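**Q**
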Amino acid sequence: MMPPMCAVCPREPRDGKPLSEFTLVYFRATRTYDVDWVGHPENAVWFCDDHAHLAEGLTDLTAPEALARIR
Ligand SMILES: [Zn+2]
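51 is the number that this note's numbering gives to position 22 of the sequence shown; each next residue is one higher, with no gaps.
#1: Can you pull the DSSP bridge partners for Ala-73?
#2: Mind checking whether the beta-carbon of Phe-76 lies closer than 7 Å to any heavy atom of ligand 1?
#3: Is Arg-98 helix, strand or coil by DSSP?
#4: Report back the beta-carbon spacing between Val-37 and Arg-100 to the nearest angstrom; my notes put them in contact at under 8 Å.
#5: Could you round the C-beta distance between Thr-91 and Asn-72 to whole angstroms and report it? I think they count as a contact, below 8 Å.
#6: Look at Val-74 and Ala-58 and say whether their C-beta atoms are less than 8 Å apart.
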């Protein structure tokens, strides 16, 4: 499992941020590439609460497609 880390926000230490502020969003599954995180679905991505609601409106897309729209 990947550590909770928003896929959109700049990478920074989670100082004082409880894990509950991150949401795992599942996008449309794709078979175009292999899972490279053992045990972690390729279509599941962590987001902070600021971005989770944006991601949850794009779950009909694949994760790369959704990330391209959010960024
Ligand atoms: Zn974020």
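Using N, Cα and C, we set each Cβ at its ideal position, and we do this for glycine too.
For clarity, every value in this text was computed on a predicted model and none was experimentally measured.
**A** Reading it off the structure:
#1: The residue given as residue 73 occupies position 44 in the sequence shown. Bridge partners of Ala-73: Tyr-55.
#2: Position 47 of the sequence shown, counting from 1, holds the residue named residue 76. With a cutoff of 7 Å, Phe-76 counts as near ligand 1, since its C-beta is closer than that to a heavy atom of the ligand.
#3: On the sequence shown, position 69 is the one that residue 98 refers to. Helix at Arg-98.
#4: What you label residue 37 is simply residue 8 of the sequence shown in a count that begins at 1. What you label residue 100 is simply residue 71 of the sequence shown in a count that begins at 1. At roughly 6 Å, the Cβ-Cβ gap stays under 8 Å, so Val-37 and Arg-100 are in contact.
#5: Along the sequence shown, one-based indexing puts residue 91 at 62. Along the sequence shown, one-based indexing puts residue 72 at 43. Confirmed, Cβ separation roughly 7 Å.
#6: By 1-based counting over the sequence shown, the position of residue 74 is 45. By 1-based counting over the sequence shown, the position of residue 58 is 29. With contacts defined as CB atoms closer than 8 Å, Val-74 and Ala-58 fail to qualify as a contacting pair.
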